[in-house]
Amino acid sequence: MNSYAIGSPLVSEDLFNILRRAFIIPTNIVFACFGIINNLANIIIFTKMTPMDTMTISFTALAVSDLFYSCLSVPSLIVNALMQSGIRSLYNVDLRSLVFVLFLYQIPLFHKISIAITTFMSCERSLCVVKPFLVKQIFTKRRVVIILIAIYVSLTALFMPVFTTAKLVWRKPFNRTTRTLRLHALPGRFTAENVVQLSVGFPLVLATEVIISIAAVLMATGLRRHQQFRQDVASSITKSGRGKEKPALQTDPSQATPTSTESNPGEDQTRTPASTPAESASSKEQRLIKTVFIVAVTHVVTNSPQLIYYVVYYLEPEFQIAKRYNNIYILSGGLINLLNSLNGMVNIFVYLSLNMKYKMLFKKLFCRM
């Protein structure tokens with residue numbers, strides 16, 4: 001039973017329990033477990049890609065944050081499932097206090113890190129579309145590593161006050177003889193929570209959604225332009241080839257000189273090796289942009305509900321715990337966590353589809369049969 005429920009006018013208590021116990025929590029556990037497996041595979045494969053370029057380093061950092069998110073989500077969801085079944089304490093440990101201290105802000109920390117890394121990658125690839133010759137000069141390996149470390153350190157520092165203002169202590173309840181490990185909030189806890197909400201809550205989600213959306217539009221424009229350019233080049237080559245065939249048909253073969261017949265193969269041999277690496281590099285760059293584009297679009301789709309969630313939370317005072325829309329509030333939070341877990345596990349399919357080197361290493365390591 002939901003101890004906070006006071007009669008939500010939109011979702012009954014029975015429907016609330018069915019949705020949460022039978023769908024949200026079990027599905028989220030499955031997604032989180034797949035997220036652990038997939039991101040472990042991502043980290044192993046990316047670290048074996050030598051030499052590592054800047055995007056491989058960024059993909060590795062993203063996989064690490066998604067892995068921590070999934071690893072923390074699984075025990076948190078299991079504890080929530082136990083509480084939903086009526087178990088409030090286990091081995092003299094208050095389960096709600098355990099979730100509050102160990103998971104309540106630790107899970108959002110790694111989600112925010114993933115958001116920041118995705119934003120950084122989207123900006124880098126969109127800049128590659130706008131200023132392609134400046135990307136390698138601006139985003140060197142050393143600078144990318146420094147930026148990624150700064151993302152991890154700065155966001156962890158912002159969350160540190162909420163980590164240090166709550167702990168588990170042994171307490172003896174008034175009507176019990178045994179002690180229980182329960183939450184103890186230290187002075188400044190309320191202020192620390194407000195600082196986190198104001199710094200990495202709604203403002204961060206809104207800013208990153210806007211930035212990633214703009215970057216996705218730029219990447220889509222660049223991909224469309226590149227595709228149109230390739231079609232125009234192919235069309236012009238076809239037309240020029242047809243134009244050259246007509247004089248050859250009108251020329252008497254007996255009048256052809258040895259030098260004229262041997263020059264064309266020589267030109268093809270000279271031209272093909274020179275053009276193939278350039279075309280290969282261009283194709284690789286476009287696949288890389290497409291990979292980041294799909295990752296960015298997936299992020300926008302799965303995080304847009306969280307933006308709506310924040311807007312409703314700030315506009316509707318009754319949309320919170322122990323208020324009129326308590327059940328909707330809890331279900332919405334569960335669905336958002338479900339989408340976050342989904343976002344953390346699907347990247348592997350994008351890499352397998354668009355990254356040839358990743359696919360080759362994946363088959364070599366995990367598909368030896």
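In this note's numbering, the protein residues as written are 1 to 369. Using N, Cα and C, we set each Cβ at its ideal position, and we do this for glycine too. Predicted model only: the values in this text are computed from it and were never measured.
Status (buried if at least 16 other CB within 10 Å, exposed otherwise) for residue i
{"i": "K364", "result": "exposed"}
{"i": "Y358", "result": "buried"}
{"i": "R182", "result": "buried"}
{"i": "D373", "result": "This structure cannot settle anything about residue 373, because the visible part of the chain is limited to 1 through 369."}
{"i": "K112", "result": "buried"}
{"i": "C457", "result": "The requested residue 457 does not occur in the structure, where the chain is confined to residues 1 to 369."}
{"i": "P265", "result": "With a pLDDT of 40 at P265, under the threshold of 50, the predicted position of this residue should be treated as unreliable, and no value is reported."}
{"i": "Y314", "result": "exposed"}
{"i": "A322", "result": "exposed"}
{"i": "S126", "result": "buried"}
{"i": "L62", "result": "buried"}
{"i": "R88", "result": "exposed"}
{"i": "S199", "result": "exposed"}
{"i": "L206", "result": "exposed"}
Member of the options whose CA lies at the smallest distance from the CA of residue i
{"i": "V145", "options": "I37, L183, D53", "result": "D53"}
{"i": "L102", "options": "I147, N326, F159", "result": "F159"}
{"i": "N28", "options": "N347, G334, R189, V346", "result": "G334"}
{"i": "F16", "options": "F362, F366, I330", "result": "I330"}
{"i": "F366", "options": "P26, R21, V169, N42", "result": "N42"}
{"i": "Y105", "options": "V195, I214, R171, Y325", "result": "V195"}
{"i": "V130", "options": "N326, D14, A215, I25", "result": "A215"}
{"i": "L90", "options": "I138, S341, N38, R179", "result": "R179"}
C-beta contact flag for residue i and residue j at 8 Å
{"i": "Q286", "j": "L218", "result": "no"}
{"i": "C33", "j": "V74", "result": "yes"}
{"i": "A296", "j": "S122", "result": "yes"}
{"i": "I151", "j": "A185", "result": "no"}
{"i": "V135", "j": "I212", "result": "no"}
{"i": "L168", "j": "S97", "result": "yes"}
{"i": "Y309", "j": "E316", "result": "no"}
Rounded Cβ spacing between residue i and residue j (contact assumed at less than 8 Å)
{"i": "A166", "j": "F100", "result": "7 Å"}
{"i": "T302", "j": "V350", "result": "At roughly 13 Å, the Cβ-Cβ gap does not stay under 8 Å, so T302 and V350 are not in contact."}
{"i": "L307", "j": "E209", "result": "6 Å"}
{"i": "I25", "j": "N80", "result": "6 Å"}
{"i": "G382", "j": "S70", "result": "In the structure as shown, the chain starts at 1 and stops at 369, and residue 382 therefore has no counterpart that could be examined."}
{"i": "L361", "j": "K48", "result": "6 Å"}
Residue i - containing beta strand (DSSP E), residue span
{"i": "R171", "result": "166–171"}
{"i": "L82", "result": "Where L82 is concerned, there is no enclosing beta strand (DSSP E), although the alpha helix (DSSP H) it sits in stretches over 54–84."}
{"i": "L183", "result": "180–185"}
Bounding residues of the alpha helix (DSSP H) (the contiguous stretch that carries residue i)
{"i": "T140", "result": "Note, T140: premise wrong, no alpha helix (DSSP H); not H, not E."}
{"i": "G334", "result": "326–345"}
{"i": "L198", "result": "189–200"}
{"i": "C123", "result": "106–130"}
{"i": "F16", "result": "13–19"}
{"i": "I24", "result": "Premise fails: I24 is in no alpha helix (DSSP H) and is neither H nor E."}
{"i": "K363", "result": "356–366"}
{"i": "R96", "result": "95–102"}
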